[in-house]
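Here is the structure we will look at.
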Amino acid sequence: MSEVEYLVELEPGGQTFKCGEDETILDGALRQGIALLYGCRHGRCSTCKYLVEDGEVDVGDVTAYALPDNEREAGWALLCRARPLSDVLIRDHKLPDERVLPLLTPMRVDATVAAVIQLTPELWQLDVALPTALHFYAGQFVELGLGEKEAVLWRSYSMSSPPSSSHRLSFVIKRIEGGAFSGAIEHLEAGRTIAVRGPFGASYLRAGSRPVLLCAIGSGLAPILSMLRDAGESGDRRAFTLFYGARRPQDLAYLEELRDCWGLQLAFVPTLDGLEDGDVWSGATGTVTRAVQHAVESARDVDAYLCGAPPMCETVGRLLSAKGLPVEQLFFDRFFAASA
Ligand SMILES: Cc1cc2nc3c(=O)[nH]c(=O)nc-3n(C[C@H](O)[C@H](O)[C@H](O)COP(=O)(O)OP(=O)(O)OC[C@H]3O[C@@H](n4cnc5c(N)ncnc54)[C@H](O)[C@@H]3O)c2cc1C
Ligand code: FES
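Counting from 1, position 194 in the sequence shown corresponds to residue 194 in the working numbering; the numbering is continuous, with no gaps.
Next up, the structure:
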C-alpha cells in the first residue's frame, strides 16, 4: 500500500474512497468495491473519461485520440491512467442501470499454465489452473502476467470458460508475430507460473428477455464462448445469434461446439472474407459487418455484444445504432493493444 493516500469524492452522491499516489484512481476505486465505468484499462477506449472538478491529477500516458488536449485542459481525465496528486472531486455522469451486477473486487493470484493448445493457424487456447477460486461474470477479462516481480508483462485476456470453472480459466489468444506476450504463446510450458489479476470489465452478459446478438472476429470469440457456455449451463431461453468472422475455413475455432450450441436457441452465422482457390465453404462470405447489415432489419429490441478488434466493434456498433439499437443495450469488449 502506498504511504501517501488521497481522498477521492464522487459527485453527485458524495461517495468517497482512498487512493494511493502510486495507483490509478480506477484501481483505487475497484480495490474498494466502487464501480466506475471503464473498458480497456490501457488509456485507449475513453470509457473511463470523467471530469475532475477539483484537485490535481497526473493524467498519465494517454493518446490524444482518447483524451484530446482541449478536454484535458477542461479537466477531463481517463481514470485508468490518472493518479491523484491531491484530494480530488470527480463528477460521476454514470446513468443508472438496473442490470449492473455487484462489483467483484479484483484479486491477484499466482497460477500455473495447465495447457496450451493450437486451435487454428493463429488462435491458441491457454488454460490456467488457479490455487483459489476466481469469481467473474461471463464476458469479463483478467490480466495475465509473465515475468519477475519488478518486470511483469501484463496483458488482458477475456475468459472463454464459464464462471462455473472458477479454478481453471481458459483463454483464446491470437498469436501476433513479435508480440511480447502472444508471440511466444507456443513456448509457454505447462507448470510455469503465470500471474492473474482481475476480474475486470463491464461487458458481461446481462439478464433479460430480449434476443441477444453477438458479434466477433478471431479471438473476439473468447468472451462470447464464456457467455454461451454460461447461458447453456443456466438453461437460458433467450434467442442468441452469433456472427463470427474469419478469413478462411481453417481459421474458424470451436465449430463443433458452436454447432452443438449447448442446448441454446442459437443461430450461428460464420462468415469468411478471405477465401482462396480450393477452399471448400458453403456458408456466408464477406465481413461480419456485411453479415449483420444483411441479416438484421431492426436492432431496436436486442442486446448486442461486440467483441474483439476495435475497428470491427466501432463499425458494427455504428451500424446497429443506425438500425435503432439503444445505447444502453450495446456492450463492447474491444481488444485494444497495450502497446502502440
Ligand atoms: C479488455 C481486453 C480484452 C482482451 N482480450 C483478448 C483475448 O481474449 N484474446 C486476445 O488474443 N487478445 C485479447 N486482448 C488483446 C491482448 O491484451 C494483447 O493486446 C494482445 O495479445 C497483444 O499483446 P502482445 O504482448 O502479444 O503484443 P504487443 O507486444 O503488445 O504488441 C506487438 C505489436 O502488435 C500490435 N498488435 C497488438 N494487438 C494486435 C492485434 N490484435 N492485431 C494486430 N496487431 C496487434 C501492437 O500494436 C504492436 O505493434 C484484449 C485486450 C483488451 C484491452
Ligand atoms: S481508456 Fe480507461 S478504460 Fe479504456
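The beta-carbon is built from N, C-alpha and C at its ideal position, and this holds for glycine as well.
None of the values given here were measured: they were computed from a predicted structure.
Does the beta-carbon of residue i have 16 or more other beta-carbons within 10 angstroms, so that it is buried, or is it exposed?
i: LEU101; result: exposed
i: ILE117; result: exposed
i: ALA184; result: exposed
i: PRO84; result: buried
i: PRO163; result: buried
i: SER209; result: exposed
i: SER234; result: exposed
i: HIS187; result: exposed
i: LEU228; result: buried
i: GLN374; result: It is not possible to answer for residue 374, since the shown part of the chain is limited to 1 through 340.
Would you please state the rounded distance, in angstroms, between the beta carbons of residue i and residue j? I believe it to be under 8 Å.
i: PHE141; j: PRO199; result: 7 Å
i: VAL52; j: ILE90; result: 6 Å
i: GLU143; j: ARG81; result: Not a contact, Cβ separation roughly 15 Å.
i: MET159; j: SER226; result: 5 Å
i: ALA115; j: ASP127; result: 4 Å
i: LEU134; j: LYS174; result: 23 Å between Cβ atoms; not a contact.
i: ALA299; j: LEU320; result: 4 Å
Select from the options the residue whose C-alpha is nearest the C-alpha of residue i.
i: GLY55; options: ASP87, GLY28, ALA66, ILE34; result: ASP87
i: GLY245; options: ALA216, PHE268, ASP260; result: ALA216
i: PRO211; options: LEU325, ASP110, LEU146; result: LEU325
i: LEU79; options: PRO162, GLY39, ILE25, CYS40; result: ILE25
i: THR105; options: GLY39, ALA74, HIS167, ALA29; result: ALA29
i: SER170; options: GLY43, SER156, PHE240; result: SER156
i: LYS94; options: SER298, GLU11, LEU119; result: GLU11
i: ALA195; options: PRO223, VAL113, ILE224; result: VAL113
i: VAL4; options: LEU330, GLY13, GLY20, GLN15; result: GLY20
i: PHE331; options: LEU37, GLN32, GLU9, LYS18; result: LEU37
i: ALA129; options: TRP154, GLU189, LEU319; result: GLU189
i: GLY201; options: ILE34, ARG31, GLY39, GLN32; result: GLY39
i: THR132; options: SER166, SER182, CYS45, ALA74; result: SER166
Exercise for the section: Would you be able to state if there are at least three C-beta pairs under 8 Å between the segment 299-312 and the segment 272-285? Expected result: no
Practice task
Spell out a yes or no on whether the segment 256-263 and the segment 282-294 are touching, meaning 3 or more CB-CB pairs, one atom from each, closer than 8 Å.
Solution key: Between the segment 256-263 and the segment 282-294 there are fewer than three C-beta pairs closer than 8 Å, too few to call the two in contact.
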